[in-house]
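Peer 1: Residues are numbered in this note's numbering as their position in the sequence shown, beginning at 1, plus a constant of 2.
Backbone N, C-alpha and C define an ideal beta-carbon position, used for all residues, glycine too.
Please find one structure pasted underneath; my questions will follow.
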Amino acid sequence: MADVRTTLTLEPDVYSLIQARLETPGATLKGVVNEAIRAGLAPRRRATFQTRTHAMGRPAVDLDHALRLAGELDDDALRQRLEVDG
Numbered sequence: 003m004a005d006v007r008t009t010l011t012l013e014p015d016v017y018s019l020i021q022a023r024l025e026t027p028g029a030t031l032k033g034v035v036n037e038a039i040r041a042g043l044a045p046r047r048r049a050t051f052q053t054r055t056h057a058m059g060r061p062a063v064d065l066d067h068a069l070r071l072a073g074e075l076d077d078d079a080l081r082q083r084l085e086v087d088g
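Take a look at the structure:
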């Protein structure tokens, strides 16, 4: 594909960033702008997230009734707070 010529209006902060890159030996305005646009518009690849697991032995409580146990613990904590405040 042939080069396409266009006019851009750059915001001052963008112009400063380009000027900084142009200080690199051999850098051209065309090259710096094209590289920046490619980097900004290219699809980003995300690193695969993995969670490490650890053997923790057998659970101390029956996990089939975990929600009931959590509710009972919440009830106990609320009861203790009411006794202290009341």
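1) Write down the C-beta distance between Val34 and Leu24 rounded to the nearest angstrom, noting that I regard them as a contact closer than 8 Å.
2) Restricting to Cα atoms, I'd like to know which of Met3, Ile20, Ala4, Asp5 is closest to Thr11.
3) Please report the straight-line C-alpha distance between Glu37 and Pro14, rounded to a whole angstrom.
4) Would DSSP call Val6 helix, strand or coil?
5) Beta-carbon separation of Leu1 and Asp64 under 9 Å?
6) Rounded to the nearest angstrom, what separates Asp87 and Asp78 at their Cα positions?
7) Please list the terminal residues of the continuous alpha helix (DSSP H) segment that includes Asp76.
8) Leaving out five residues on either side along the sequence, give the residues of the same chain with a beta carbon under 6 Å from the beta carbon of His67.
Peer 2: The structure says:
1) Position 32 of the sequence shown, counting from 1, holds the residue named residue 34. Position 22 of the sequence shown, counting from 1, holds the residue named residue 24. Indeed they touch by this definition, with Cβ atoms about 6 Å apart.
2) Position 9 of the sequence shown, counted from the start, is the residue given in the question as residue 11. In terms of Cα proximity to Thr11, the closest of Met3, Ile20, Ala4, Asp5 is Ile20.
3) On the sequence shown, residue 37 is found 35 positions in, with the first residue counted as 1. On the sequence shown, residue 14 is found 12 positions in, with the first residue counted as 1. Approximately 19 Å between the Cα atoms of the pair.
4) On the sequence shown, position 4 is the one that residue 6 refers to. The DSSP-derived three-state label of Val6 is coil.
5) Since the displayed the chain opens at 3 and closes at 88, residue 1 lies outside it and no answer follows.
6) One-based indexing of the sequence shown puts residue 87 at position 85. One-based indexing of the sequence shown puts residue 78 at position 76. Answer to the nearest angstrom: the Cα atoms are 14 Å apart.
7) Here residue 76 refers to the residue found at position 74 of the sequence shown. The continuous alpha helix (DSSP H) containing Asp76 extends over residues 68-87.
8) On the sequence shown, residue 67 is found 65 positions in, with the first residue counted as 1. Within the same chain, no Cβ atom closer than 6 Å to the Cβ of His67 is found once the five residues on either side in sequence are excluded.
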